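Input: a single structure, listed below in structure tokens.
Number of protein chains: 2
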Amino acid sequence: MTDSLKYVVGVDLGGTNLVVGAMPSDGSRELGVHTLPTRADLGADAVVNRICEMIETTIATVMRETGAVRAQIAGVGIGSPGPLDREKGLVIVTPNLGWKDFPLRDRVGDQVHLPATLDNDANCATLGEWWLGSARGGRNVVGFTLGTGIGGGLIVDGRLYHGASDVAGEIGHMTIEANGRRCGCGNYGCLEAYASGPAIAMRAREALSNGEPSTLRALCGGDLLKLTAATVYRASETGDTVASDVVRETARFLAIGVANILNVFNPDVVVLAGGVAKAGDSLFVPLRAEVRRRAFKPAVDACRIVPGALDGSAGMVGAVAAFLAEHPVA
Amino acid sequence: MTDSLKYVVGVDLGGTNLVVGAMPSDGSRELGVHTLPTRADLGADAVVNRICEMIETTIATVMRETGAVRAQIAGVGIGSPGPLDREKGLVIVTPNLGWKDFPLRDRVGDQVHLPATLDNDANCATLGEWWLGSARGGRNVVGFTLGTGIGGGLIVDGRLYHGASDVAGEIGHMTIEANGRRCGCGNYGCLEAYASGPAIAMRAREALSNGEPSTLRALCGGDLLKLTAATVYRASETGDTVASDVVRETARFLAIGVANILNVFNPDVVVLAGGVAKAGDSLFVPLRAEVRRRAFKPAVDACRIVPGALDGSAGMVGAVAAFLAEHPVA
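Structure below.
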């Protein structure tokens with residue numbers, strides 16, 4: 009490391025948590041990574057203040073741990089739920105945060121006196137996995153972020169692909185059932201309506217409503233509204249039949265989404281990140297088998313389907329990478 | 009036009025017909041375009057011979073009509089049903105032609121002593137519409153080719169996108185019904201199984217099987233096996249209820265495919281070409297309305313959804329463009 013090495017701060021803004029950290033431009037390490045609740049209920053100004061305080065905390069850590077001076081901090085990359093307008097740095101609308109046309113990029117950049125960039129959170133997670141995680145070396149990559157919603161990102165020829173209006177990669181909102189479940193986006197039959205965390209819990213609740221015996225009831229203390237996807241996966245591992253059926257169906261739904269992506273986009277890597285993807289073999293073994301049944305052989309043969317490797321920091325790492333893509337540093 | 013203007017021959021190889029023609033590299037005109045039956049039943053050698061004879065006929069026309077000399081013929085672009093290996097110039101498999109690992113590019117190129125390129129027929133049709141048809145000016149474009157099957161092509165940043173193994177753009181094989189109709193590709197619920205020409209005819213036959221009155225029976229001379237998508241669209245225009253229902257459902261299925269593409273790929277143009285797309289407003293009006301209901305607003309607002317403009321020559325024009333993309337001429 010030389011004295012002139014540049015550092016970039018990455019911000020991963022989620023509906024529940026904020027993750028902020030920094031990396032040198034060569035991606036060799038993570039510095040000053042810390043997490044705080046977003047507290048969107050306190051309003052946009054409070055969230056911006058919190059983000060800026062976290063950025064300053066991270067910068068102080070970078071300077072203390074590396075001996076860098078403030079001039080070596082090149083800027084801030086921000087990943088945010090969308091839809092957003094990257095060029096103007098606006099968050100157009102986020103149901104979780106309650107924002108509309110909010111100039112997040114400039115509010116943060118102005119307050120910390122640093123150049124800033126804004127990109128979609130799922131794009132950032134995908135870019136992070138491509139830069140330093142399990143999609144490394146891929147040329148055309150699709151990331152699925154599995155959580156409260158299902159997001160995604162597309163990398164074409166080693167660069168994030170944004171499309172005509174920064175919507176590209178909304179793979180959770182592919183229709184996989186023409187007359188299917190209502191989705192939060194207003195459409196019917198979206199992948200997200202079957203395989204997001206809340207959708208998994210809802211399908212389990214529906215399966216329980218016929219009275220079949222299951223450990224799930226006890227696992228959520230008798231209150232089925234407290235049932236989560238994590239509970240379902242835990243029960244499945246202990247052999248619970250209802251939970252195992254839901255887990256198997258979830259793999260099938262996700263496989264339809266992955267197979268669609270393989271036939272349309274023919275990537276060399278598909279990376280699945282986020283909560284549900286932590287299920288490991290119980291997800292990936294049946295998922296890969298179902299993708300093989302559904303997608304074209306040359307597309308299946310050309311593609312690795314892998315879990316994300318960066319866990320909680322993919323979004324922060326990718327926000328750093330997205331900043332560097334727009335502001336290359338020496 | 010100068011003496012040194014170069015000409016490229018385009019070949020559009022279909023299961024039923026061959027279209028061959030030529031264009032100057034500036035795309036300013038079509039020359040020597042003619043069509044012959046493919047006659048795949050006579051075997052691959054016979055098809056290659058026929059293609060080469062048609063190429064020579066076209067070259068003779070170019071020389072006669074423009075005064076060009078043979079050295080001004082830069083090469084031959086071939087569009088073929090896939091899957092194929094572009095780098096090796098192989099047609100990997102085509103059910104319609106009965107070929108396996110057939111070195112089409114070099115067989116044709118060697119026989120006419122010209123450089124040749126090979127690309128997917130639907131890619132070529134999309135590229136043709138982008139170069140000289142209704143997708144002109146688009147930056148990120150998706151083409152749907154509606155016919156016996158449903159193919160597609162993706163243009164990213166003004167260049168054909170092929171993916172990791174030349175499969176990209178198989179949008180007819182997106183699953184839109186998780187437990188849907190069996191598709192010729194082996195999967196269930198593909199868009200093609202609902203909205204290809206034969207699928208439209210099959211859905212009409214199914215609708216007739218309950219005995220509802222319809223002019224469709226008379227239109228196909230009482231032999232429902234002779235029912236085609238064209239008959240269904242014709243009957244729909246005269247107010248036939250069964251046919252109109254099938255036409256409306258077809259628009260809905262296609263809209264699901266288009267909406268999926270808008271949410272994942274966020275193109276600025278979607279162009280629908282081929283037989284079914286000729287239905288005009290009776291397809292495009294309900295299709296656009298359904299897309300607006302299903303896809304994200306910024307994606308809908310950013311995208312023109314248009315019928316192809318080149319009709320029968322899109323594949324030939326695009327094959328010329330694909331050659332030029334690989335062999336730029338002065």
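For the protein sequence lines, the chains are D and Y, in the order given.
Read the first sequence against the working numbering and you will find it ends at 338, with the numbers running on by one and no gaps.
Read the second sequence against the working numbering and you will find it ends at 338, with the numbers running on by one and no gaps.
Glycine is no exception: its CB is placed at the ideal position from the N, C-alpha and C atoms.
The structure displayed is predicted, hence computed values, not measured ones.
Among the residues facing chain D, Pro294 of chain Y is not included, as its CB has no counterpart in that chain under 7 angstroms away. At least 7 angstroms separates the beta-carbon of Gly85 of chain Y from that of Phe261 of chain Y. Here Val279 of chain Y has Glu137, Ser142, Ala143, Gly151, Val314, Gly316 as same chain residues with Cβ atoms under 6 angstroms from its own Cβ, once five neighbours each way along the sequence are excluded.
Taking a beta-carbon distance threshold of 7 angstroms, Glu178 of chain Y counts as an interface residue toward chain D. DSSP places Leu39 of chain D in no alpha helix (DSSP H) but in the uninterrupted beta strand (DSSP E) bounded by 39-45. Taken in chain order, the complete beta strand (DSSP E) segments of 3 or more residues contained in the segment 128-211 of chain Y are 149-154, 158-164, 167-169. Fully contained in the segment 209-281 of chain D are the following beta strand (DSSP E) runs of length 3 or more, in chain order: 277-281. Chain order gives no chain D residues near Ser204 of chain Y, where near means a beta carbon separation below 7 angstroms; the closest approach is about 15 angstroms. Contact between the segment 179-197 of chain D and the segment 288-307 of chain D is absent: fewer than three C-beta pairs spanning the two stretches fall below 8 angstroms. Under the DSSP assignment, Ala329 of chain Y falls outside any beta strand (DSSP E), being part of the alpha helix (DSSP H) whose first and last residues are 322-334. Listed in chain order, the non-local C-beta contacts of Val120 of chain Y below 6 angstroms within the same chain comprise Cys60, Ile63, local neighbours out to five positions each way being set aside. Counting the other CB atoms within 10 Å of its CB gives Asp248 of chain Y a total of 16 or more, which places it among the buried residues. Within the same chain, Gly157, Ile158, Gly180, His181, Cys191, Gly192, Cys193, Ala207 come within 8 angstroms of Glu200 of chain D by CB-CB distance, once the 5 residues on both sides are set aside. Excluding the 5 residues flanking it on each side, Ala54 of chain Y has same chain C-beta neighbours closer than 8 angstroms at Arg47, in chain order. Contact check for Ala215 of chain D against Leu235 of chain D fails: the beta carbons are separated by 7 angstroms or more. Collapsing the DSSP output to three states places Phe304 of chain Y in coil. Distances from the CA of Pro45 of chain D to each of D:Gly282, D:Ser204, D:Val325, D:Asp20 were compared; the closest alpha carbon is that of D:Asp20.
Contacts with chain D at 7 angstroms (Cβ-Cβ) do not include Asn104 of chain Y. Ranked by Cα distance from Gly22 of chain D, the options D:Gly75, D:Gly155, D:Ala243 are led by D:Gly155. In the structure shown, the three-state DSSP call for Val77 of chain Y is coil. Residues of chain Y whose Cβ lies closer than 9 angstroms to the Cβ of Val255 of chain D do not exist, since the nearest Cβ in that chain is about 16 angstroms away.
Between Asp276 of chain D and Asn148 of chain D, the C-beta gap is smaller than 7 angstroms, which places the two residues in contact. The segment 303-312 of chain Y makes no contact with the segment 103-121 of chain Y, as fewer than three CB pairs between them are under 8 angstroms.
Residue pairing by DSSP places Val120 of chain D opposite no residue, since no beta bridge is assigned to it. Against chain Y, a Cβ distance below 7 angstroms from Glu185 of chain D picks out Glu185, Ala186.
Contact fails between the segment 220-235 of chain D and the segment 255-271 of chain D, because fewer than three Cβ pairs, one in each stretch, are under 8 angstroms apart.
For Ala82 of chain Y, same chain residues with a beta-carbon under 6 angstroms away, outside a window of 5 residues either side, are Lys14, Val16, Val337 in chain order. In this model, Gly90 of chain D and Val272 of chain Y are separated by some 14 angstroms (Cα to Cα). Here Arg94 of chain D is buried. Its C-beta has 16 or more other C-beta atoms within 10 Å. Against chain D, the beta carbon of Met71 of chain Y has no neighbour under 7 angstroms; the closest one sits roughly 40 angstroms away.
Shown in chain order are the members of the segment 266-298 of chain D whose Cβ falls below 7 angstroms from a Cβ of chain Y: Ala267, Asn268, Asn271, Val272, Phe273, Asn274, Pro275, Asp276. Runs of the beta strand (DSSP E) lying entirely within the segment 44-116 of chain D, each at least 3 residues long, are 81-88, 98-102, 107-110 in chain order. Interface with chain Y (7 angstroms Cβ-Cβ cutoff): Val175 of chain D is included.
CA-to-CA, the gap between Arg72 of chain D and Gly326 of chain Y works out to about 59 angstroms.
One thing to note: Gly35 of chain D has its Cβ no nearer than 7 angstroms to the Cβ of Leu135 of chain D.
Below the 9 angstroms Cβ cutoff, chain Y contributes Ala267, Asn268, Asn271, Val272, Arg302, Ala303, Phe304 as neighbours of His181 of chain D, in chain order.
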